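Residue numbers (our numbering): 5 to 160.
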C-alpha cells in the first residue's frame, strides 16, 4: 500500500421483505485498486445486511491499523458507531433486547484494529459507488444458492 492513499469503503445492504431474502455489497478502494464484495442470504433483514457489508469489508483487509472511511446510506450503522451506541450495547451485554448482537460483537472486535470514520450518504441518489453497492446487494439478494444468516435464524 503506497503512501498518500486513503482506504475508502462503500457499503450497502438490501432485503426483499424485512425479513426476507437479502444481500450486501461493498466496494473497497485504495488508490487505483478496487475490490467488490457481495453475498446473498435466504432470510435476513435490511439492517443486518447493512452492518454485514461493513464487517465483510473490514474482514477483507489484510493490513491492520489502517485509517479508513466507510460510506453507507444506513443511518442505523452510522449512528450506532459514531454515537458509540454499540459501545454501550457491548458494555451492557445487549440488555433490553437490542438486535443483531452477533454482528455488533463481530464488528466491535474488528473495529479495534482500524481507525474508522463513518460517513452517511444519501441512498438511491447520485453517488455512483453507493449505487453500485446497491446493485451488488440487490443482485445478491435475488441470486440463487443463498446463504443461511445463522445469527438471524437463531434469534428468530
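Every residue, glycine too, gets a C-beta built ideally from N, C-alpha and C. Nothing here was measured: the structure is a model prediction, and the numbers come from that model.
- In this structure, the straight-line span from the alpha carbon of residue 97 to that of residue 106 is close to 11 Å.
- Uninterrupted beta strand (DSSP E) stretches at least 3 residues long and entirely within the segment 125–153 do not occur.
- The Cβ-Cβ distance between residue 41 and residue 60 falls below 7 Å.
- Nearest neighbour of residue 64 by Cα position, chosen from 83, 156, 31, 87, turns out to be 31.
- Looking at the backbone, the Cα of residue 116 and that of residue 11 are separated by about 16 Å.
- For residue 40, the uninterrupted beta strand (DSSP E) segment begins and ends at 37–48.
- Shortest Cα-Cα distance from residue 55 to any of 101, 137, 21, 80 involves 80.
- With fewer than 16 other beta carbons inside 10 angstroms of its own, residue 129 counts as exposed.
- Inter-segment contact for the segment 70–80 and the segment 120–136 is present: three or more beta-carbon pairs are separated by less than 8 Å.
- Sorting 45, 102, 62 by C-alpha distance to the C-alpha of residue 93 places 102 at the top.
- Counting only residues of its own chain and dropping the five nearest sequence neighbours on each side, residue 145 has a CB closer than 7 Å to the CB of 18, 19, 20, 25, 26, 27, 44.
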